[in-house]
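To start, the structure itself, in structure tokens.
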Amino acid sequence: MKRVAYLMALPSVILFFLFPAASIYLVGHLSLFKSDYLNYKFVGVLNYVTILQDAKFWTSVLNGLFYCAAITPMVVIIALAIAFLACEFPPKIQNAVKFALYIPVLTAGIIIANVWKWIFAPTGVVNWLIGLVGLGPWPWLTEATLAKLSISITMSSTVFGIYLIMILASIMAIPKQLFEAARIDGASPLQIKLRIVLPIIMPTILLIVMFLIIQSMQIWEFVWMMTSGGPAGGSATPAFNIYETAFTYGQYGLASAKSLILMLIILLVVLIQKRIERWSR
Amino acid sequence: MRAIVLFALCILFLLPLYFLIVGSFTPMVGIMKMPPRFIPAKPTLENYDKFMQYGGLLLRWLANSAIATIISIGLNIIIMGAAAYALALYRLKPLKYIYFAFAATMMVSRYSTIIPLFVLARIYQLRGLVAVIATSIFIPGSFFLMHDFMKKIPRDFVDSARIDGAGEVRILLRIMLPLCKPVVGVVVAIFAGAIYSDFMWQRLLLQGEEQMTFVVGIMTRLYILSTQGGYIHNYGVEMASGVLILLPMVAIFLWSNRYFIGGLTLGGIKE
Chain A
28 MKRVAYLMAL
38 PSVILFFLFP
48 AASIYLVGHL
58 SLFKSDYLNY
68 KFVGVLNYVT
78 ILQDAKFWTS
88 VLNGLFYCAA
98 ITPMVVIIAL
108 AIAFLACEFP
118 PKIQNAVKFA
128 LYIPVLTAGI
138 IIANVWKWIF
148 APTGVVNWLI
158 GLVGLGPWPW
168 LTEATLAKLS
178 ISITMSSTVF
188 GIYLIMILAS
198 IMAIPKQLFE
208 AARIDGASPL
218 QIKLRIVLPI
228 IMPTILLIVM
238 FLIIQSMQIW
248 EFVWMMTSGG
258 PAGGSATPAF
268 NIYETAFTYG
278 QYGLASAKSL
288 ILMLIILLVV
298 LIQKRIERWS
308 R
Chain B
23 MRAIVLFALC
33 ILFLLPLYFL
43 IVGSFTPMVG
53 IMKMPPRFIP
63 AKPTLENYDK
73 FMQYGGLLLR
83 WLANSAIATI
93 ISIGLNIIIM
103 GAAAYALALY
113 RLKPLKYIYF
123 AFAATMMVSR
133 YSTIIPLFVL
143 ARIYQLRGLV
153 AVIATSIFIP
163 GSFFLMHDFM
173 KKIPRDFVDS
183 ARIDGAGEVR
193 ILLRIMLPLC
203 KPVVGVVVAI
213 FAGAIYSDFM
223 WQRLLLQGEE
233 QMTFVVGIMT
243 RLYILSTQGG
253 YIHNYGVEMA
263 SGVLILLPMV
273 AIFLWSNRYF
283 IGGLTLGGIK
293 E
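Chains as they are written, first to last, in this note's numbering: chain A, 28 to 308; chain B, 23 to 293.
Laid out in structure tokens, this is it:
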């Protein structure tokens with residue numbers, strides 16, 4: 028019986044060592060080499076020194092933070108609002124809402140990017156809308172800050188559905204008696220939401236913030252399709268910068284060193300989140 | 023009133039997809055006319071013709087995508103499912119390490135491992151579709167979904183079957199597998215679409231036109247079109263490419279739809 032269990036787990040363990048484990052080892056190994064496509068030369072920590080002076084990479088890290096700062100409030104506030112709105116409806120309607128808002132999540136980013144590029148085009152929908160109130164046209168995809176904002180909006184619209192579902196699920200998990208008791212004590216619906224529901228679902232929101240930071244650092248499709256990282260790397264994320272370094276310029280070694288730094292940044296975010304979670308309990 | 027607001031918000035989020043479809047049928051001259059139209063003024067198929075010229079190759083790409091997606095997700099369910107089963111049913115100490123090891127890989131950013139993974143594919147001499155399949159099987163998320171689900175199946179089912187003298191294989195095939203249908207549906211719903219549409223990774227591995235998957239093929243075609251002479255940024259063609267890529271996803275979605283709503287609470291995360 029024991030043998031059966033080990034035998035069943037074996038293929039996945041082999042795969043684990045062949046791919047994820049091997050690639051984590053290899054990323055560290057490669058980061059010590061200078062490479063021009065596939066000619067490697069050992070250079071020690073030189074790649075890391077190069078990165079310190081690589082302004083484009085650090086811009087991309089800052090861009091990642093910008094994306095996070097723009098996307099997180101947008102997603103959390105709208106998701107909370109819709110969840111509060113939806114939680115009073117019967118489950119059937121809730122499911123329909125979840126379903127509708129999950130469709131953009133399932134749709135591949137490269138598909139979504141095509142239509143948002145048109146929305147943010149120089150003579151596109153957004154410029155037409157702001158034109159109605161006498162503003163614009165603004166260069167939504169060709170100016171660094173606006174480009175980041177456009178990509179943030181696009182990204183928000185696609186990840187939004189998952190987080191709505193997470194928030195709604197944690198609201199529905201709150202025992203109904205709690206609301207009853209509060210209502211009897213004379214709390215208004217708004218008070219109940221802000222004073223009772225919000226603190227209870229705070230751990231979920233923290234988790235969402237963590238996911239969003241991680242996702243912001245790794246936006247790729249929208250950057251690739253909408254701005255190609257431009258202008259001058261002004262909308263690139265660390266993920267995009269790594270991809271470009273490796274597969275446009277062939278510097279696998281340098282890109283591996285950047286990968287390791289990205290890995291550490293994300294690990295740090297996870298650890299901080301875990302610490303806050305434990306502390307808030 | 024609240025119902026109207028809720029409904030309007032849902033519509034708002036679906037509007038881009040609607041405009042994608044409308045735009046794909048709009049001729050080049052009309053697409054930039056504002057306000058945007060909800061029904062194309064002069065519906066046309068000219069945007070799709072740009073891709074349809076490829077005819078046979080298009081079918082080839084579609085077949086490649088089907089092969090890559092079905093084999094990857096199938097092997098994923100068998101291999102990761104077996105591990106999840108072993109962990110959930112036989113609570114053996116050494117198997118615990120698998121749980122932690124797989125959890126650790128989930129914390130590693132995908133973009134941190136594309137370079138070593140690309141180099142590994144060369145070291146292992148994997149090429150084309152085989153490389154796509156081999157690198158798409160290991161999905162820790164699917165392991166955790168299945169493990170969580172199997173853990174909750176009451177052990178009495180298994181114990182009583184054992185007392186009745188059923189072998190381990192019989193227990194797996196006759197009892198556990200039918201019970202696990204819903205979670206398998208969810209895994210397919212969440213990850214099949216992700217494998218199918220993984221343009222970022224597949225474009226690195228698939229070079230020859232014959233080998234390309236649907237998404238890589240369409241995107242490459244789009245790139246060629248955009249660099250051809252006299253071709254100015256044509257949003258209609260881009261949106262048509264989006265709709266074409268979307269169609270197989272709709273098929274996956276419709277198939278797994280029945281498992282889906284239950285699964286939404288089971289696994290909130292796509293990646």
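Heads up, the beta-carbon is just placed ideally off N, CA and C, and yes, glycines get one too. Small disclaimer: the values here were computed from a predicted structure and weren't measured.
Grouping DSSP H, G and I as helix and E and B as strand, with all else coil, what is residue i?
i: D220/B; result: coil
i: I262/A; result: Per the sequence presented here, residue 262/A reads as Ser, with Ile not at that position. Coil, per DSSP.
i: Y112/B; result: coil
i: N90/A; result: helix
i: Y276/A; result: coil
i: I256/B; result: Before going further, note that residue 256/B is Asn rather than Ile in the sequence given. It is coil, neither helix nor strand.
i: D212/A; result: coil
i: F116/A; result: coil
i: K83/A; result: helix
i: L58/A; result: Note on identity: in this sequence residue 58/A is Ser, with Leu being the wrong assignment. The answer is coil: DSSP assigns S58/A none of H, G, I, E or B.
i: D186/B; result: coil
i: F69/A; result: strand
Go through its chain and collect everything with a Cβ distance to residue i's Cβ below 6 Å, but skip five positions before and after it.
i: L289/A; result: P265
i: E293/B; result: Below a pLDDT of 50, predicted positions are generally treated as unreliable, and E293/B, at 32, falls in that range; no measurement from the model is reported.
i: I192/A; result: K125
i: V70/A; result: K61
i: M128/B; result: P162
i: Y11/B; result: The displayed coordinates of chain B run from 23 to 293. Any statement about residue 11/B would go beyond what the structure contains.
i: F236/B; result: W83, L84, S87
i: S197/A; result: I228, T231
i: G239/B; result: W83
i: T66/B; result: P49
i: Y67/A; result: F60
i: I105/A; result: none
i: F171/B; result: V205
Going along chain E, which residues have a C-beta under 8 Å from residue i?
i: A36/A; result: Although the question refers to chain E, the structure presented lacks it and instead comprises the protein chains A and B.
Going along the chain, which residues of its own chain have a beta-carbon closer than 8 Å to the beta-carbon of residue i, five neighbours each way excluded?
i: A108/A; result: none
i: D63/A; result: G277, Q278
i: A125/B; result: P162, F166
i: R24/B; result: none
i: G280/A; result: L57, S58, L59, F60, K61, S62, Y67, V70, N74
i: P164/A; result: P149, T150, N154, I157, G158
Less than 7 Å between C-beta atoms, sequence neighbours within five positions excluded: which residues of the same chain meet that for residue i?
i: L286/B; result: Its pLDDT being 48, under 50, L286/B is placed unreliably in this model, and the coordinates cannot settle the point.
i: A183/B; result: I193, I197
i: M237/A; result: V296, V297, Q300
i: M199/A; result: C114
i: I137/A; result: E248, M252
i: K152/A; result: With the sequence shown as reference, residue 152/A is identified as Val, and Lys is not the correct amino acid for it. Here the set comprises I146.
i: G256/A; result: V250, S262, A263, F267, E271
i: T185/A; result: P131, V132, G136, I139
i: I201/A; result: V224, I227
i: A156/B; result: L148
i: S183/A; result: I98, M101, V102
Touch test, the region 152-163 of chain A against the region 121-134 of chain A, Cβ-Cβ under 8 Å, three pairs minimum: With the cut-off at 8 Å, the region 152-163 of chain A and the region 121-134 of chain A do not touch.
Touch test, the region 210-221 of chain A against the region 43-60 of chain A, Cβ-Cβ under 8 Å, three pairs minimum: no
Contact between the region 263-270 of chain B and the region 194-211 of chain B (3+ Cβ pairs under 8 Å): no
Residues within the region 166-184 of chain A neighbouring chain B, beta-carbon criterion of under 7 Å: S184
Interface positions of the region 142-164 of chain B facing chain A (Cβ-Cβ less than 9 Å), listed along the chain: L142, R144, I145, Y146, A156, T157, I159, F160, P162
Short-range partners of chain B found in the region 240-256 of chain A, where Cβ spacing is below 8 Å: Under the 8 Å Cβ criterion, the region 240-256 of chain A contributes I241, M244, Q245, W247, E248, W251.
Residues in the region 210-226 of chain B having any Cβ partner in chain A nearer than 7 Å: Listed by position, the residues of the region 210-226 of chain B near chain A (Cβ gap below 7 Å) are G215, S219, F221, M222, L226.
The region 172-188 of chain A touching the region 213-220 of chain A, judged by at least three CB pairs closer than 8 Å: no
Validate contact between the region 78-91 of chain A and the region 268-285 of chain A using beta carbons, cut 8 Å, 3 pairs: yes
Complete alpha helix (DSSP H) runs within the region 161-206 of chain A (minimum length 4 residues, chain order): 171-199
Entirely enclosed alpha helix (DSSP H) segments - the region 56-130 of chain B, minimum 4 residues: 68-74, 78-111, 115-129
The region 211-219 of chain B in contact with the region 87-99 of chain B per 3-pair CB rule at 8 Å: Two segments are said to touch when three or more pairs of C-beta atoms, one from each, lie closer than 8 Å; by this definition the region 211-219 of chain B touches the region 87-99 of chain B.
Contact the region 38-53 of chain B vs the region 166-178 of chain B: 3+ CB pairs below 8 Å: no
Touching by the beta-carbon criterion (3+ pairs, under 8 Å), the region 32-39 of chain A and the region 104-118 of chain B: yes
Members of the region 51-82 of chain B near chain A, C-beta cut-off 8 Å: I53, M54, M56, P57, P58
Ranges of the alpha helix (DSSP H) found wholly within the region 121-165 of chain A, counting only runs of at least 4: 136-146, 152-159
Residues within the region 46-76 of chain A neighbouring chain B, beta-carbon criterion of under 7 Å: F46, P47, A49, S50, I51, L53, V54, L57
Under 7 Å (Cβ pairs) to chain A, residues found in the region 259-282 of chain B: E260, M261, S263, G264, I267, L268, M271, F275
Near-chain B residues of the region 282-295 of chain A (beta-carbon distance less than 8 Å), N- to C-terminal order: A282, S283, S286, L287, L289, M290, I293, L294
Contacting positions in the region 130-143 of chain A - beta carbon closer than 9 Å to chain B: I130, P131, V132, L133, T134, A135, G136, I137, I138, I139, A140, N141, V142, W143
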